[in-house]
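Asks: Could you have a look at this structure, given as structure tokens, before my questions?
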Amino acid sequence: MNQTPEPDSAVLLNPGPVNVHPAVREALQYPDVCHREPEVAELMRGAREKIVAVCGGSQAYTSVLLTGSGTAALESAFASIVPPDGKMLVLQNGHYGRRLQEILDAHRVPCNCLSFDWGTAFDLLAFDQALADDPAITHVGVVHHETSTGMLNPLREIGEIAARHGKSLAVDSISSLGSESLDVLKDHIDWCVGTANKCLEGLPGISFVCARRAKLEALSEFPARGYYLDLHRHYVAQEKENAPAFTPAVQVLYAFDRALDLTLAETVEARSMRYAARAQELRAGLSRLDFRLLLEEDQFSNSVTVAHLPDGIQYEDLHDALKVRSFIIYATQKQLGSTVRIASMGQLSNNDIAQFLTALADVVMELSQRPSSVEEAA
Ligand SMILES: *Cc1c(COP(=O)(O)O)cnc(C)c1O
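Take 941 as the starting number for the sequence shown in the numbering used here and just add one per residue.
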């Protein structure tokens, strides 16, 4: 039971980091390099342009690269963009919506929260009303794909309402970029936060903010709340000085640049369909095995499924038994009770889901035939 699979042989069904294309891992082998040389400046410029392309941006948009996981880019954006006399309205229906509020609170950024139960769709009329009720609100913050429940929030409608009220929209699109439809222009997004290692299929260590150039420029008008993650500082360095503000994870960035090439070549539309097909196969299989889905199928994203565990099955036992078979599943937050999270992100092969479902059926059988620990103790 304690036999761990080879480090590179596991099929990752956690919601990032994902299994990557061999070309992405090969790009890590880029030779030792100084980050202030022109080849790195060129790498950064190229990657920044590709990010804007993935986000559907025009010339009015640019992007800023950060070294750090997705939360680094989230903190950089959410701590940097609201002026001292501004206020953000945060829409919440899960763990990551809550995190937006925690980041704002940590930096003493004024915010209102419009909260719904986990896995509950936003009431858009209430959102519209909340914006009408408080003229002090300048910004809106929302998670596109709420990875804790697998729910895809209605970005197009949210963007339309925020724009109608003249509010600046900031989106955590960390787990949606690459596999869901998102368009900074059509969705009226001023600030779009993403990371390398989820549906863009890069490796962990690089994250980014794609934003309107004019909005980034305007950040110079008020003091920064932090130093290392000050978004304006990184923007000025990367855009005007053509060099990173600090030492980036250069090799991880090469790998991400390769991953962006692969994303643009495949197209986000085709990748969305690839993930959606895997998710459908997974959801059908889970239902057959008595794992009741947390949400209606059309509420889920293309990349994450949350399901209730069948009676008598414990998450830890399921995880450990599947890990021995080289499949890595993921826990949920305690608010969701006895559930499991299974992602369909990344470079899964055509038969990975079928093989996973076979392994799952075996494990469920094995675990339900095993005497429970209570009986063992008796
Ligand atoms: C993964 C994720 C994050 C950030 O997680 P990191 O561990 O910092 O990369 C933030 N928001 C959402 C919606 C996510 O899925």
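Glycine included, every Cβ here is placed at the ideal spot set by N, Cα and C.
Note that this is a predicted model, so its numbers are computed, not measured.
1. From VAL1246, THR1279, LEU983 and THR1245, pick the residue whose C-alpha is nearest to that of GLU1373; which is it?
2. Taking DSSP's pairing of strands, which residues face ASN1093 in a bridge?
3. Run the CB neighbour count on SER1020, radius 10 Å, all protein chains shown included, and call it buried at 16 or more, exposed below.
4. Mind pulling the alpha helix (DSSP H) runs of 4 or more residues that sit fully within the stretch 1163–1209?
5. Where do the ends of the beta strand (DSSP E) carrying GLN1275 lie?
6. By the three-class DSSP mapping on this structure, what secondary structure does HIS1248 have?
7. Between THR1089 and ligand 1, is the CB less than 7 Å from at least one heavy atom?
8. Cβ-heavy atom distance between GLY956 and ligand 1 below 7 Å?
9. Just to check, is the beta-carbon of THR1011 closer than 7 Å to a non-hydrogen atom of ligand 1?
10. Kindly indicate which residue of LYS1274, PHE1267, GLU1015 and GLU1306 has the alpha-carbon position closest to the one of ASN954.
11. Using only the heavy atoms of ligand 1, determine whether one of them is closer than 7 Å to the beta carbon of HIS1085.
12. Please give me, in chain order, every unbroken run of the beta strand (DSSP E) with length at least 3 that falls completely inside the stretch 1099–1142.
13. Looking only at DSSP bridge pairs, what is THR1002 linked to?
14. What did DSSP end up calling HIS1079 once you bin it into helix, strand or coil?
15. Pairs of beta-carbons, one from the stretch 1182–1199 and one from the stretch 966–980, closer than 8 Å: are there three or more?
16. Less than 8 Å separating the beta-carbons of THR1135 and ALA981?
17. Here's a check: name, in chain order, each residue in its chain whose Cβ is nearer than 6 Å to the Cβ of ALA1318, leaving out the five neighbours to either side.
18. By the DSSP assignment, the beta strand (DSSP E) with GLN1032 in it spans what residues?
19. Rounded to a whole number of angstroms, what is the C-alpha to C-alpha distance between GLU1015 and GLY1099?
20. Going by Cα to Cα distance, which pick from ARG988, LYS1263 and LEU1222 is closest to VAL1246?
21. I'd like to know if the stretch 1168–1182 and the stretch 1204–1223 are in contact, where contact means that at least 3 CB-CB pairs between them fall below 8 Å.
22. When you compare the stretch 1137–1152 with the stretch 1225–1240, are there three or more beta-carbon pairs, one atom per stretch, that lie closer than 8 Å?
23. In or out: ASN1290 buried (at least 16 other Cβ within 10 Å) or exposed?
24. For the beta strand (DSSP E) containing SER1055, name the first residue and the last one.
25. Please work out which residues of its chain come closer than 6 Å, Cβ to Cβ, to ASP1081, disregarding the five sequence neighbours upstream and downstream, and give them in chain order.
26. Does the beta carbon of ASP1302 fall short of 7 Å from some heavy atom of ligand 1?
27. Nearest by alpha-carbon distance to ALA1154: which of PRO1144, SER1147 and HIS1172 is it?
28. With distances taken between CB atoms, is the gap from SER1119 to ARG1211 smaller than 8 Å?
Replies: A quick look at the data gives this:
1. The requested residue 1373 does not occur in the structure, where the chain is confined to residues 941 to 1318.
2. Note: ASN1093 sits in no beta bridge, so no partner.
3. buried
4. 1171–1175 and 1190–1206
5. Taken as a continuous stretch (DSSP letters only), GLN1275 belongs to no beta strand (DSSP E), as it is neither H nor E.
6. strand
7. no
8. yes
9. yes
10. PHE1267
11. yes
12. 1108–1112 and 1131–1135
13. ALA1151
14. strand
15. yes
16. no
17. Here ALA1318 scores only 43 on pLDDT, less than 50, and its place in the model is too uncertain to base an answer on.
18. 1028–1032
19. 21 Å
20. LEU1222
21. no
22. no
23. exposed
24. 1051–1055
25. The amino acid occupying residue 1081 in the given sequence is Gly; Asp does not appear at that position. The residues are MET1028, VAL1030, LEU1040 and ALA1110.
26. no
27. HIS1172
28. yes
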